[in-house]
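Chemist: Below is one structure. I have some questions about it.
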Amino acid sequence: MMTGDDRLRATVSALDDSTCRAILEALGEPATAATLAKRCDVSSSTVYRKLERLQRAGLVERRVAIRADFRQTVRYATTFDEISIGVDDLRAAQLAADGGETERR
């Protein structure tokens, strides 16, 4: 299970990735991985890898629905309306990662 600091680091890391950001921007509404690959002009394998990263960070969720023909449809959706990360949050995460005091300037 991820701690709050682990989640923060995963979130910041995912947001630092341009493909992850493009996927988040493309998820104005729930979409399949194939749709996201087309919208972001990247391979399906890249989309699945980035979606996994975004899910670990808690930014995207996987939704499974059963169609009328009993086949599964998997769509991905964002789990947030807005993201806000404060400087104190980043300092606390850095402190936890360092295992000690961080230098304040």
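Per UniProt numbering, the sequence shown starts with residue 1, numbered consecutively. Heads up, the beta-carbon is just placed ideally off N, CA and C, and yes, glycines get one too.
Cβ atoms of Ala77 and Glu61: under 8 Å apart, would you say?
Modeler: In the sequence shown, residue 61 corresponds to position 61, counting from 1. In the sequence shown, residue 77 corresponds to position 77, counting from 1. A contact, by the Cβ cut-off of 8 Å.
Chemist: Does Ala31 come out as helix, strand or coil in the three-state DSSP assignment?
Modeler: Position 31 of the sequence shown, counting from 1, holds the residue named residue 31. In this structure, Ala31 counts as strand in the three-state DSSP scheme.
Chemist: Going by the CB atoms, is the gap between Val42 and Ala33 shorter than 8 Å?
Modeler: Along the sequence shown, read from residue 1 onward, the residue named residue 33 stands at position 33. Along the sequence shown, read from residue 1 onward, the residue named residue 42 stands at position 42. Their beta carbons are not under 8 Å apart, which means Ala33 does not touch Val42 by this criterion.
Chemist: Taking the straight line between their C-alpha atoms, what separation do you get for Glu103 and Ser18?
Modeler: Here residue 103 corresponds to residue number 103 of the sequence shown, with the count starting at 1. Here residue 18 corresponds to residue number 18 of the sequence shown, with the count starting at 1. Because Glu103 carries a pLDDT of 43, less than 50, the predicted location of this residue cannot be relied on, and the following value inherits that uncertainty. Computed Cα separation, rounded: 29 Å.
Chemist: Out of curiosity, what's the CA-to-CA distance linking Lys38 and Ala22?
Modeler: Numbered from its first residue, the sequence shown carries residue 38 at position 38. Numbered from its first residue, the sequence shown carries residue 22 at position 22. Approximately 11 Å between the Cα atoms of the pair.
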